[in-house]
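Residue numbers (our numbering), protein chains in the order written: chain L, 1 to 312; chain U, 1 to 298; chain F, 1 to 447. Below is one structure, written out as structure tokens, with a few remarks after it.
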């Protein structure tokens with residue numbers, strides 16, 4: 001059998017084998033990805049409360065433009081992308097840099113910095129609301145000791161997002177571990193050469209560290225943004241626990257306490273779809289979220305494509 | 001390539017750099033003190049929350065409402081009260097069911113897919129991989145409405161099955177991570193197995209699985225903790241049925257059920273955290289290696 | 001190859017999923033669709049276990065509810081009732097829409113009644129009410145109105161809440177409870193105790209809508225304000241009464257200082273705990289529901305207090321004595337497995353005098369039928385009688401049913417919070433904005 005003939009047939013056979021091996025996942029892809037996306041577009045043109053379905057054209061889209069809450073939630077989500085993500089990245093990078101410089105107990109510190117990132121989200125958030133409780137929480141008491149009247153943290157609309165960012169920094173250990181590995185992959189001789197040339201610490205960081213770890217930085221930035229776009233649990237729990245009064249039996253819980261400052265787009269989507277049963281409108285919000293996350297995913301895909309070629 | 005998975009202590013790297021650093025012995029000592037003092041200060045700040053949670057968990061109801069930080073009496077029975085006062089055991093059971101079955105199903109379905117994506121050459125291979133990434137990046141809320149409808153029609157809302165069953169069809173993140181690892185296994189091994197007449201299946205079982213053990217351990221742990229921590233999923237599907245609440249749902253409502261008893265809330269919080277912390281200390285290497293694998297390969 | 005497979009799979013799934021678009025299970029036949037069995041109902045119904053969801057959480061409340069249900073059990077020994085406590089409206093709605101409904105569900109609020117009736121989450125009880133010949137005129141008009149929507153009676157009132165003024169006699173310094181808003185302002189200022197720097201120690205009255213029961217729906221009846229026009233659109237911007245209320249409220253808040261009041265409010269104990277500021281003597285007067293009587297009896301029995309109707313607008317003296325009322329509603333969800341059994345239980349809990357009196361005595365809520373209110377077994381004292389009178393007052397009103405009731409109240413409350421803060425410059429424009437939000441939302445939900 002000549003090689004010319006064998007190659008396509010082998011490839012076809014391999015394709016068939018792959019199809020068999022991939023089939024469960026392909027079903028999953030169809031049922032939980034492809035179909036829902038199509039259906040989301042379909043429902044976005046309808047009024048649907050799980051009982052009756054009615055075509056209403058672009059009304060859901062029109063409502064988006066007048067829905068103050070949606071605009072606020074988009075603003076809050078963008079705030080997280082613009083401030084929380086960079087803060088987390090910088091902090092993780094700083095931590096990783098610090099750990100590489102430690103001569104004693106580096107492993108210990110790495111463990112300590114990493115551990116909080118494993119703490120279950122709900123538990124971590126409940127704890128932070130307690131720690132930052134304005135009247136009785138330890139943080140404000142320590143601030144009091146040094147003569148500072150602490151803010152109302154999760155109870156103040158100006159401080160609620162920074163408080164969530166603090167919670168995010170506490171869980172930055174995951175990214176730190178990634179950066180740590182990247183920093184240790186930077187070839188040592190580059191630093192040695194730079195040091196001989198008389199480059200200072202900042203020059204070394206700018207011209208050696210940063211270019212070498214930039215792919216990792218990029219990856220973490222994009223996943224960080226995608227994560228920020230999905231931000232849900234922490235904001236929801238913080239609002240729930242901090243707002244106390246909305247916990248009363250019977251009263252409907254409205255996310256975003258205080259004053260809508262923690263209302264993120266996924267929360268408003270959830271509220272529209274599964275509390276208000278305006279499912280068509282929820283689908284419009286979903287498409288908005290989809291567009292945003294796709295834009296960032298494309299950036300990531302471009303990186304992966306380059307990587308994929310490298311491997312194969 | 002496989003060095004990515006070897007634990008590397010950061011110490012040697014910095015040691016070699018420090019030796020080259022210009023400056024006197026005095027400056028070096030000062031630098032040593034400064035970095036370690038900073039690290040120690042940060043470490044204290046990282047651990048302090050856990051410390052205060054534990055202290056509050058041991059206070060009396062009344063004291064927990066005050067601004068005092070140190071328990072006047074040590075109320076260990078708070079940990080008993082939370083079990084008698086709320087269906088904590090049931091929540092733990094449900095969470096274990098979700099996390100345990102979810103992880104088992106995920107492994108069962110994702111390993112073959114990752115293997116096929118890493119080893120087979122077929123048309124559309126790249127496309128399939130891109131689809132995995134797209135699924136991984138998709139915020140779950142985007143498709144929430146139609147997916148919810150599927151489960152509502154199957155009459156499975158109100159249970160945890162809508163979260164467990166899809167795991168039989170593969171989990172994008174785990175597939176991605178496993179594939180990245182399997183690519184690092186030299187092709188010679190599988191080729192050798194092929195020459196010995198092994199089928200795809202036996203190659204996977206005899207050659208790949210033993211070599212991929214660290215990566216499999218990592219995805220299993222990640223999946224288990226993902227389920228353990230998940231709030232959004234159980235909120236969407238299981239919160240309507242109190243019998244099917246998980247720990248995260250229960251904990252989120254704990255303060256409401258126990259009208260602001262911070263001590264009990266903190267005791268329950270500790271209880272939710274404890275297994276995670278224990279497993280981490282038992283399997284620290286697996287975690288760190290797994291995290292490294294997700295990031296560095298990018 | 002796999003692309004073709006994918007197209008096929010998507011098409012197949014989409015075809016099955018998009019054609020059948022109604023989730024939720026119909027379960028047993030709907031109420032009233034079968035002719036009534038002859039003979040006494042008790043004998044006719046086969047044995048069954050039915051599930052009831054309710055929102056009570058406190059041990060005493062849960063027990064009271066169990067006691068009331070025990071009366072039903074003695075009447076229908078073949079029916080076992082399984083009670084689930086602490087259920088919120090969201091859970092009921094989601095369970096019914098998701099197809100896992102209980103047989104009977106009760107809610108503390110009337111906020112979702114319109115939505116439940118319109119969408120069919122709760123079954124229309126009209127056919128069985130007619131079949132069983134129940135005379136609804138035993139219920140006061142307000143209670144009848146908050147349990148139905150658009151001609152569909154899908155819930156029944158179980159117990160009612162009425163809202164009035166509680167005052168701490170020790171802190172009142174011998175003053176009588178205020179009858180008008182200006183008297184309230186004057187007295188609130190007089191009774192407030194502040195530090196030299198303005199920090200509030202004891203507040204006379206907290207006018208903020210963010211304080212516990214001070215929701216716009218509870219405050220509105222003080223000025224006779226209207227929520228909706230005939231067609232369901234918002235009347236908030238066009239009814240001058242709201243403006244009057246908000247102006248009064250802002251004046252008092254500014255007297256305290258918004259930030260000072262905010263700080264004081266956030267430092268107060270939880271509404272549902274023994275730490276409630278009224279129990280602790282931190283506020284002299286509060287707007288609250290009749291249930292506060294029971295809580296005071298439980299948690300602060302030494303508190304010397306009195307109750308009165310809420311003060312009213314100076315130019316609407318005829319409103320004095322009325323107030324806001326709403327209450328617990330109960331009904332049979334769509335998809336109930338034993339709807340006929342469920343209806344018997346609903347009927348018992350909402351119309352049986354003995355059952356209502358048992359519940360009322362235990363929970364200290366207002367019983368909803370006239371017979372129960374006049375029952376000699378009903379425990380009452382002067383403080384509780386105030387609320388029975390408010391409930392029976394002809395001008396007492398409720399929040400009209402609206403499919404977006406929760407959304408609308410929330411939109412209004414959020415606006416008022418901004419107004420209290422001082423960030424609203426033009427009140428008329430702001431209220432018009434609230435109107436627009438409510439009307440836009442009404443259009444979206446197809447009202």
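Built from N, CA and C at the ideal position, the CB exists for glycine as well. All values derive from a computational prediction rather than experimental measurement.
For residue 201 of chain L and residue 14 of chain L, the rounded distance between their alpha carbons: 53 Å
Beta-carbon contacts of residue 268 of chain L that lie in its chain and below 7 Å, excluding the five residues immediately before and after: 69, 70, 73, 285
Proximal residues to residue 168 of chain F (C-beta, below 8 Å), its chain only, five neighbours per side dropped: 278, 281, 283, 284, 285, 303, 304, 305
Minimum Cβ-Cβ distance from residue 286 of chain U to chain L less than 9 Å: No, because no Cβ of chain L sits closer than 9 Å to the Cβ of residue 286 of chain U.
Of the listed residues F:157, F:100, F:379, F:404, nearest to residue 277 of chain L (C-alpha basis): F:404
Residue 446 of chain F versus residue 196 of chain F - alpha carbon distance: 55 Å
Residue 275 of chain F at chain U interface by Cβ criterion, 9 Å: Yes - at least one Cβ of chain U is within 9 Å of the one on residue 275 of chain F.
Contact the region 138-151 of chain F vs the region 365-378 of chain F: 3+ CB pairs below 8 Å: yes
Per-residue burial, residue 249 of chain L [other beta carbons within 10 Å of its own, 16 or more giving buried]: Bear in mind that a pLDDT of 42 at residue 249 of chain L, under 50, signals an unreliable position, so the number given afterwards is only what the model happens to contain. Residue 249 of chain L counts as buried, since at least 16 other C-beta atoms from the protein chains shown sit within 10 angstroms of its C-beta.
Alpha carbon of residue 116 of chain F to alpha carbon of residue 108 of chain L, nearest angstrom: 57 Å
Paired residues, beta bridge with residue 328 of chain L - DSSP: Since the displayed chain L opens at 1 and closes at 312, residue 328 of chain L lies outside it and no answer follows.
Inter-residue spacing [alpha-carbon to alpha-carbon] between residue 232 of chain L and residue 264 of chain L: 7 Å
Neighbourhood of residue 179 of chain L by C-beta, 6 Å cutoff - its chain only, sequence neighbours within 5 removed: 92, 93, 96
Of the listed residues U:96, U:94, U:68, U:58, nearest to residue 81 of chain U (C-alpha basis): U:58
Check whether residue 97 of chain F and residue 50 of chain L have beta carbons under 9 Å apart: Cβ atoms of residue 97 of chain F and residue 50 of chain L: closer than 9 Å.
Under the three-state DSSP convention, the category residue 233 of chain U falls into: helix
Contact list for the region 409-437 of chain F against chain U, Cβ threshold 9 Å: none
Same chain, Cβ closer than 8 Å to residue 23 of chain F, neighbours up to 5 away in sequence not counted: The pLDDT assigned to residue 23 of chain F is 43, lower than 50, so where the model puts this residue is not dependable; a value taken from the coordinates is nonetheless given after this. For residue 23 of chain F, where only same-chain residues beyond five positions count, the Cβ hits under 8 Å are 97, 98, 99.
Limits of the unbroken alpha helix (DSSP H) element including residue 71 of chain F: In this chain, the alpha helix (DSSP H) harbouring residue 71 of chain F covers 59-75.
Chain-ordered neighbours of residue 110 of chain U on chain F, where CB pairs are closer than 8 Å: Within chain F, no residue comes near residue 110 of chain U; the closest Cβ sits about 18 Å away, beyond 8 Å.
Continuous beta strand (DSSP E) stretch holding residue 183 of chain F: start and end: First-last for residue 183 of chain F: 181-191, but that is the alpha helix (DSSP H), not the beta strand (DSSP E).
Euclidean distance between Cα positions of residue 233 of chain U and residue 237 of chain L: In a straight line, the C-alpha of residue 233 of chain U is about 14 Å away from that of residue 237 of chain L.
Simplified DSSP state of residue 161 of chain F, which is helix, strand or coil: strand
Min CB distance residue 296 of chain L to chain U below 9 Å: yes
Delimiting residues of the beta strand (DSSP E) encompassing residue 288 of chain F: 283-289
Boundaries of the beta strand (DSSP E) in which residue 97 of chain U is found, first to last residue: From DSSP, residue 97 of chain U is part of no beta strand (DSSP E) but of the alpha helix (DSSP H) over 88-119.
Distance between residue 127 of chain L and residue 241 of chain U (C-alpha atoms, nearest Å): 26 Å
Cα-Cα separation between residue 251 of chain L and residue 235 of chain U, rounded to whole angstroms: For residue 251 of chain L, the predicted model reports a pLDDT of 48, less than 50, meaning its position is unreliable; a value from the coordinates is still stated below. Rounded to whole angstroms, residue 251 of chain L to residue 235 of chain U spans 17 Å at the Cα level.
Where residue 203 of chain F falls: helix, strand or coil (DSSP): strand
Residue 276 of chain F burial status per 10 Å Cβ neighbour count (16 or more: buried): Classification of residue 276 of chain F: buried, given that the 10 Å Cβ count is 16 or more.
Contact belief for residue 25 of chain L with residue 216 of chain U at Cβ below 8 Å, rounded distance in angstroms: So it is not a contact: roughly 17 Å between Cβ atoms.
9 Å Cβ cutoff, residue 241 of chain U in contact with chain L: no
Backbone secondary structure at residue 169 of chain F - three-state DSSP: Residue 169 of chain F sits in coil when the DSSP states are folded into three classes, being neither helix nor strand.
Partners in chain F for residue 118 of chain U, counting only beta-carbon separations shorter than 9 Å: Neighbours of residue 118 of chain U on chain F: none; closest Cβ ~17 Å, over 9 Å.
Where residue 445 of chain F meets chain L, residues with beta-carbon distance less than 7 Å: 278
Chain L contact for residue 93 of chain F (CB, 9 Å cutoff): yes
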